[in-house]
Amino acid sequence: MYKQLKELVTQYVDVSPESITRDSRFVEDLEFDSLDFIAMIGDIEEHFQIEMDISDLLEITTVGDALHYIEHYAVSQKANASAAYE
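Residue numbers are given in the UniProt record's numbering: position 29 of the sequence shown equals residue 29, and the series is strictly consecutive.
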């Protein structure tokens with residue numbers, strides 16, 4: 001997931017995937033503006049098949065934060081989907 005997330009990030013900012021770390025901050029380090037960030041969130045939702053809560057977006061300031069969110073909610077949403085079929 002980390003590699004895929006870094007590839008998504010590079011679609012919005014002019015940096016190499018190798019220069020992106022978990023500690024990279026979207027605004028301060030990668031120079032995202034708010035429109036690019038929201039567009040990237042839409043791509044993340046589509047790519048990882050998750051739905052991100054708008055209130056949680058305020059907590060996502062680094063690549064690591066985004067990765068943690070994706071990992072946590074991808075597992076949660078899959079578990080909820082499985083439970084619905086039981």
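Note that CB positions come from ideal geometry on N, CA and C, so glycine has one too.
### Query
Considering only residues of the same chain and omitting the five flanking positions on each side of Y2, which have a CB-CB separation below 7 Å?
Counting only Cβ-Cβ distances below 7 Å, and skipping sequence neighbours, we find L67.
### Task
Measuring alpha carbon to alpha carbon, tell me which of I54, L58 and D65 ends up nearest D23.
Considering only alpha carbons, the answer is D65.
### Task
Can you give me the Cβ contacts of H72 inside the same chain, cut-off strictly under 8 Å, excluding the 5 residues immediately before and after it?
Closer than 8 Å at Cβ, skipping near neighbours: no residue.
### Between the CA atoms of L8 and D43 - distance to the nearest angstrom
If you take the alpha carbons of D43 and L8, they lie about 8 Å apart.
### Selected residue, minimal CA-CA separation from residue 102, among I70, A74, Y69 and T61
This structure does not reach residue 102, given that the chain is present from 1 up to 86, and the question cannot be answered.
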